[in-house]
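Undergrad: Take this structure, written in structure tokens, and hold onto it; I'll ask about it next.
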Amino acid sequence: MSAAVATVYTLPACVQCDSTKRLLTRENIEFNVVDLSQDAQALEMIQALGYTAAPVVIAGEDHWSGFKMDKILSLKN
0 MSAAVATVYT LPACVQCDST KRLLTRENIE FNVVDLSQDA QALEMIQALG
50 YTAAPVVIAG EDHWSGFKMD KILSLKN
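For the sequence shown, numbering that gives the first Met the number 0 assigns the number 0 to the initial residue and increments by one for each residue that follows.
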């Protein structure tokens, strides 16, 4: 189990979003999903962090944009 539950901020029809969620699931890393097309407040928060592309993953103090296998695998404890 991971130390912190990750949150994946996604958009519909996003290949990198789907790849991120698939890898998290395969590695049994707990995560929540927030659809940025349905949650304006979440979109504002992500934009305030400086991100302009999905997915954005936030896990504890760490966050990044895009499909990053090394970052996802680092969430395994």
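All C-beta atoms, glycine included, are put in the ideal place defined by N, C-alpha and C.
Taking only the alpha-carbon atoms, compute the straight-line gap between Gly49 and Ala41 and give it to the nearest angstrom.
TA: Rounded to the nearest angstrom, the two C-alpha atoms are 13 Å apart.
Undergrad: With H, G and I counted as helix, E and B as strand and the rest as coil, what does DSSP make of Thr9?
TA: Here Thr9 sits in strand by DSSP.
Undergrad: Determine the closest residue to Lys75 out of Leu10, Asn27, Tyr8 and Ala53, with distance taken between C-alpha atoms.
TA: Closest by alpha carbon: Asn27.
Undergrad: Which residue comes first and which comes last in the beta strand (DSSP E) that contains Asp61?
TA: Here the beta strand (DSSP E) through Asp61 covers Asp61 to Ser64.
Undergrad: If you run the structure through DSSP and keep just helix, strand and coil, what is Asp17?
TA: Note: Asp17 maps to helix in three-state DSSP.
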